[in-house]
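One structure is given here, and the rest of the page talks about it.
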Amino acid sequence: MTKPVIGFIGLGLMGGNMAECLQNNSFDLVVMGRNKEAVAATVNRGAVEVKTPRELAENSDIVMLCVTTSDVVESLIYGDDGILAGIKDSAVVIDFGTSIPASTRKIGADLAAKGAGMIDAPLGRTPAHAKDGLLNIMAAGDIATFEKVKPVLDVLGENVFHLGELGAGHVTKLINNFMGMTTACTMSQAFAVAERSGVNKQQLFDIMSAGPSNSPFMQFCKNYAVDGVSDLGFSINNANKDLGYFLKLAEDVGTRAEIAEGTANNLQAAADAGMGDGNVPEIFDYFAKL
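Each residue of the sequence shown is one higher than the one before, starting from 7 at the first, in the numbering used here.
Now the structure itself:
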């Protein structure tokens, strides 16, 4: 597939920069969204704005979604004037968000019944990487469908992985986020206990970072707990949502993830305390007040 028309829904920080990257590489875009400024920016670069997901699907060869939850994805697919009603035969839907794998597989089956394909392709790295086409993309789905859209994914990603059957990308992303958010919560609580105990937090970081516990997440947590700099651009609310999805995944495969339950409980408590819009390392403040 060369120079397909791309429909893009979800022009937030990540999606907006992805759309700009595609336009900078001469792709024609059809867009819609609630962020009128972001939509206007893509239109000013040559995109066409439409009013409904159905209209977007009718005018696109690839439909890209970069939205927040599985509920939003399902509303766009199945809602009145939804994508499923307008999808073209042989078109492909790509879900770049972090979604529930069971929902992804159901959507994929319903699209296949209309002659369309689906790829789940959650993302790693930051909006800055998105603008430069340097994302990590964890794609999954039918291999023929993947190969069909890979040239476009290669524009957006420095590292594009094919992880297996549809849903495997979302499984991998949820596991990745479980690990990352649990690490961030653990390190933030460690700094909070150190502060309560009268231990110098900078010295704690110097000691821990000299050993095998060192990681980028430790640096992010230190930046906030020690220096007051909140530079991990991922909110407590988003982390809380992803841990809930991970727990649902564990339930769906017949197991219980007790460590994830602890992380989820802490994230939910911080969100309930009004901290949900803050970046994950800011959960240090919640732990410090316990």
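All residues carry an ideal CB built from backbone N, CA and C; glycine is no exception.
Residue state for I89 is assigned as helix, using DSSP reduced to three classes. Cβ-Cβ separation between E264 and L253: approximately 10 Å, too far for a contact (criterion under 8 Å). For G186, there is no enclosing beta strand (DSSP E); the residue is found in the alpha helix (DSSP H) stretching over 174-203. Secondary structure note for I12: its beta strand (DSSP E) is the uninterrupted segment 12-15.
Boundaries of the beta strand (DSSP E) around N142: 141-145. Residue burial is scored here from C-beta neighbours: S76 has at least 16 other C-beta atoms within 10 angstroms and is therefore classed as buried. For N165, DSSP records a beta bridge to N142. Under the Cβ criterion (8 Å, minimum of three pairs), the segment 85-92 counts as touching the segment 50-63. In the DSSP assignment, M20 is bridged to no other residue.
Note on E153: under 16 other CB atoms within 10 angstroms of its CB, so exposed under the neighbour-count rule. The shortest CA-to-CA distance from G175 to any of A63, F33, A127 is the one to A127. For I68, the enclosing beta strand (DSSP E) begins and ends at 68-71. Rounded to the nearest whole angstrom, the CA to CA distance from A134 to N206 is 34 Å.
Just measuring C-alpha positions, the residue of V235, N30, N23 sitting nearest A44 is N23.
With a cut-off of 8 Å on Cβ pairs, the segment 98-112 is not in contact with the segment 184-199, counting fewer than three such pairs. Ranked by Cα distance from K137, the first of A122, V155, M124, L162 is L162. The segment 219-231 makes contact with the segment 188-207: 3 or more CB pairs, one atom from each, lie closer than 8 Å. Residue burial is scored here from C-beta neighbours: A145 has at least 16 other C-beta atoms within 10 angstroms and is therefore classed as buried. Within the model, the alpha-carbon separation for I106 versus G204 is close to 42 Å.
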